[in-house]
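Trainee:
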Amino acid sequence: MTSIHQMEKTMPKTGLVVGVPPHEKDSDIIKALAAAKRKLGGSSDAVIAIKNEAGAIYRYAVINGIHQEMHLAERLEDLGLLDETEQGARRPKGVWTVFGRGRDLSLKGILAEHQASKR
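Just so you know, we're using the working numbering here: the sequence shown kicks off at 14 and counts up by one.
Laid out in structure tokens, this is it:
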């Protein structure tokens, strides 16, 4: 049986946003976070955000180093979640990267995003 102390060593610091429904694959996302935490850490922590199907950030987690980030990105991509900051999405203050379904980079999608940002 795994002790709480052992689980804390393998799980990154993570938390849910109150009132925002989790992603339907949240249990798989938690497994991906735990797997990433087992990779060699780096010299600094990075806060990452994960969006649900509606595009709202519902979970934050802290990972450490490029190895953990790359491993997490690969695992989340398998779940259909992409690094939206690589697609030019803005990141919230204090967040290193945001994983979500990806941006619609069609003209229609960009125009809709622009209109939404004016509100």
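We treat Cβ as the ideally placed atom computed from N, Cα and C, and that holds for glycine.
#1: For glutamate 99, is the classification buried or exposed, using 16 other Cβ atoms within 10 angstroms of its Cβ as the cut-off for buried?
#2: Between aspartate 58 and the rest of its own chain, which residues show a CB-CB distance below 8 angstroms, the 5 nearest in sequence each way excluded?
#3: Figure out for me which residue from Gly54, Val30 and Glu126 has the closest Cα to the Cα of arginine 103.
#4: By DSSP's criteria, lysine 64 is part of a beta bridge. Which residues make up the other side?
#5: Applying the 10 Å Cβ sphere with the 16-neighbour rule, what's the burial state of leucine 94?
#6: If I follow the unbroken alpha helix (DSSP H) through glycine 32, where does it start and stop?
#7: Can you give me the C-alpha to C-alpha distance between alanine 49 and valine 60, rounded to a whole angstrom?
#8: Classify methionine 20 as buried or exposed, calling it buried when 16 or more other Cβ atoms lie within 10 Å of its own Cβ.
#9: Just to confirm the assignment, what range does the alpha helix (DSSP H) spanning glycine 122 have?
#10: For alanine 69 and glutamine 128, what's the separation of their Cα atoms in angstroms?
#11: Could you please give me the residues that DSSP links to leucine 95 through a beta bridge?
Mentor: Let me spell this out:
#1: By one-based count along the sequence shown, residue 99 stands at place 86. Around the beta-carbon of glutamate 99, fewer than 16 other beta-carbon atoms lie within 10 Å, marking it exposed.
#2: The residue you call residue 58 lines up with position 45 of the sequence shown. Excluding five sequence positions before and after aspartate 58, the CB atoms of its chain that fall closer than 8 angstroms to its own CB belong to Val75, Ile76 and Asn77, given in chain order.
#3: For the purposes of this step, residue 103 is taken as residue 90 along the sequence shown, with counting starting at 1. Of the listed residues, the one whose Cα sits closest to arginine 103 is Glu126.
#4: As a first step, residue 64 must be located in the sequence shown, where it is residue number 51. Per DSSP, Ile70.
#5: The residue you call residue 94 lines up with position 81 of the sequence shown. Classification for leucine 94: buried.
#6: Here residue 32 is taken as the residue at index 19 of the sequence shown, counted from 1. Glycine 32 -> no alpha helix (DSSP H), and no H or E assigned at all.
#7: As a working note, residue 49 is residue 36 in the sequence shown. As a working note, residue 60 is residue 47 in the sequence shown. A direct Cα-to-Cα measurement between alanine 49 and valine 60 gives close to 13 angstroms.
#8: In the sequence shown, counting from the first residue as 1, residue 20 sits at position 7. Low local confidence applies: a pLDDT of 40 at methionine 20 is under 50, so the model's placement there is unreliable, with the coordinate-based value given in what follows. In this structure methionine 20 is exposed. Its beta-carbon is surrounded by fewer than 16 other beta-carbon atoms within 10 angstroms.
#9: Translated into positions along the sequence shown, residue 122 becomes position 109. That run of the alpha helix (DSSP H) goes 120 to 131.
#10: Stepping through the sequence shown from its first residue, residue 69 is reached at position 56. Stepping through the sequence shown from its first residue, residue 128 is reached at position 115. Rounded to whole angstroms, alanine 69 to glutamine 128 spans 17 angstroms at the Cα level.
#11: Stepping through the sequence shown from its first residue, residue 95 is reached at position 82. In DSSP, leucine 95 forms a bridge with Gly113.
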